[in-house]
Amino acid sequence: DDKSLAERTAERFGKQLFALRNDLIPKFLGIDEALDIALAEPQGPIVIADVSDNAGGGAPGDSTYILRRLIERGIGNVASAMYWDPIAYRFCVEAGVGGTINLRVGGKCGVFSGMPVDLRVTVKGLGRELTQLFGTMPWPLGDAAWVTTDGGIDLIINTVRTQVFHPDCMTALGLDPSERRIVIVKSNYHFQAGFAPIAKRILFCAPPGATQPNFAAIPYTKLKTPYWPKVEDPFAADAA
């Protein structure tokens, strides 16, 4: 019941943890670094987590940074999920399964979504009110479409904003991610239980995005208090 002792102990532990701050930062890969590693692996699928566009952390789920780089580098045999884009989904429904259309994907919600990507795609599958497993619980992902580009990139486009938990989000539409060399999921950690059984390796990639782990790069508008890593030592007298 000694409040003063508790406060001093908490402060001591807090300072000890803060002193280790630079040693505790998880190491994330850049886009090209992650793609290079994946391509160098003799077998797939290699699962790459886009941790910066994780809807579970508040990101929109429609960023295009990795997708654009795949196209620029001419990388195919890739499955990527999920792109929250109800507008693109409606165009897929109008085209119907087997239809080929010009489709603008992603890049619609804000500055961290990147620019929309214009693609020529064929609609391979459509589904209504689909779910994916999160543990043993079905988790709604809404209506969804599976499209494939001329360059061999398979995309899942859905209407309920959520992160990727399980291969169900692909297999429900007929896409088998185990048959792809690279699988890209918009998620942080919760996908691992579902994808680990099929993954030869899992990589964590941090492109720009609303949930990028580099907090210093996020343009906070309400946060005024100095914070690390924006400020190396926010407790210093001149930090403000």
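Counting in this note's numbering, the sequence shown runs from 35 upward without gaps. Yeah, the Cβ is synthetic: ideal placement off N, Cα and C, and Gly gets one too.
Three CB pairs or more closer than 8 Å across the stretch 106-119 and the stretch 254-270
no
DSSP beta-bridge partners for residue 84?
239
Residue 195 - DSSP class collapsed to helix/strand/coil:
coil
Identified DSSP bridge partners for residue 172:
167
Helix, strand or coil for residue 49 per DSSP?
helix
In this structure, what does DSSP give as the bridge partners for residue 63?
239
Are the CB atoms of residue 197 and residue 221 within a distance shorter than 7 Å?
yes
Outcome for residue 56 when other beta-carbon atoms lying within 10 angstroms are tallied against a minimum of 16
exposed
In chain order, which continuous runs of the beta strand (DSSP E) of length 3 or greater are located wholly inside the stretch 90-173?
112-118, 134-139 and 151-168
So what's residue 73 in DSSP terms, helix, strand or just coil?
helix
Please give me, in chain order, every unbroken run of the beta strand (DSSP E) with length at least 3 that falls completely inside the stretch 181-234.
187-192 and 216-219
Give the straight-line distance between the Cα atoms of residue 230 and residue 37, rounded to the nearest whole angstrom.
46 Å
Would a C-beta distance cut-off of 7 Å place residue 195 and residue 89 closer than the cut-off?
yes
I want to know whether the stretch 151-161 touches the stretch 179-194 - three or more CB-CB distances under 8 Å.
yes
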